[in-house]
Amino acid sequence: MTKTYNVAVVVGSIRKDSVNRKVANALIEIAPSELKLKLIDISQLELFNQDLEETPPTSWVEFKKGIKAADAVLFVTPEHNRSFPAALKNALDIGSRPYGQNVWSGKPAAVISASPGPIGGFGANHHLRQCLVTINVSTMPTPETYIGGAYNLFDETGKLINEGTQKHLEKFAQSFLTWIQKNATSL
Ligand SMILES: Cc1cc2nc3c(=O)[nH]c(=O)nc-3n(C[C@H](O)[C@H](O)[C@H](O)COP(=O)(O)O)c2cc1C
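This is the structure we're talking about:
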C-alpha cells in the first residue's frame, strides 16, 4: 500500500483575499496523492506571551495539536517589510514553547513565498528559513519558490491560470514528497 503523509499547510497571511492562500489551494489541488495537505488556520491565535505558557489559551492548544499530528509542514507566506508577517512569527513562537515541548521539532518542511511585487517575497522566504533552523525544522532547499507578480496568476474565482506557475508547483510538490520520504523521522 502507498504510504501517505499528513502535511499541515500554514499560510502566513490572515486576510480574506490572500493571494498566498490561493497559492496554497492551488498546491493542494496539484499535489501527488501521497500528500494529504490540510490548511491550519493561524488567524485566531492569541498573541504569544510567555506568561500564558502554563495555562495556554484553547486556540494555542488546538493549533499545537494540529501541527503535532502532521508529518510535515508547508509554509506559504507573504512578505511584510522584507520579512514574513507577525501572524506567522506568532504561530512559530506558540508552537515552539514551552521549552522542551516544541511541536515543530524534527518535521520536514518547505517554504513558498508569493507577492504582487517582482521579487516574490525572497526576503520573507529566507527570514523564515532562518527561524526554522532554531526550531529544528529541516527545510527543503530546492526548488526555491518565490512567486512574483502573484495577483496576475489567478482568475476571479481564485483558480491558478498561469501554466508556468502550475508546472513549477507540480515540480515543487513532487520534490517535497521526496524530501518528506527522506526526512520524516517520526514515522
Ligand atoms: C505591512 C505590509 C508590508 C508589505 N511589505 C512588502 C514587502 O516587503 N515586499 C513585498 O513584496 N510586498 C509587501 N507588501 C505587499 C504584500 O505583498 C501584499 O499585500 C500581498 O497581497 C500580501 O499577501 P496576501 O495577499 O497573501 O495577504 C506589504 C504589505 C503590507 C500590508
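Each residue of the sequence shown is one higher than the last, beginning at 1 in our numbering.
Using N, Cα and C, we set each Cβ at its ideal position, and we do this for glycine too.
Sub-9 Å separation of residue i and residue j beta-carbons
i, j, result
"A8", "G66", "yes"
"G12", "P108", "no"
"E46", "P32", "no"
"A110", "W179", "yes"
"L169", "A26", "yes"
"A173", "I30", "yes"
Other residues of its chain near residue i: CB distance less than 6 Å, five sequence neighbours each side excluded
i, result
"I40", "A8, V10, G66"
"A93", "According to the sequence shown, residue 93 is Asp rather than Ala. F48, listed in sequence order."
Beta-carbon contacts of residue i that lie in its chain and below 7 Å, excluding the five residues immediately before and after
i, result
"S83", "G123, A124, H127"
"T2", "E34"
"T139", "A109, A110, V111, R129, L132"
"Y146", "S113, I119, G120, G121, F122, N125"
Own chain, CB closer than 8 Å to residue i, minus 5 neighbours either side, in chain order
i, result
"E53", "R97, P98"
"K167", "none"
Beta-bridge pairing of residue i - partner residues as DSSP gives them
i, result
"S138", "P108"
"L160", "F154"
"K38", "A8"
"Y146", "S113"
"H80", "S83"
"A24", "According to DSSP, A24 bridges with nothing at all."
"A91", "BP columns for A91 are empty, so no partner."
(request) When you get a sec, list the residues whose CB is within less than 5 Å of any heavy atom of ligand 1, chain order please. (result) S13, R15, S18, V19, N20, P78, E79, H80, N81, R82, S115, G117
(request) Pair every Cβ in the segment 126-145 with every Cβ in the segment 71-90, then say whether three or more of these pairs are closer than 8 Å. (result) yes
(request) Indicate whether the contact test is met: 3 or more Cβ pairs, each with one atom in the segment 150-167 and one in the segment 175-185, closer than 8 Å. (result) no
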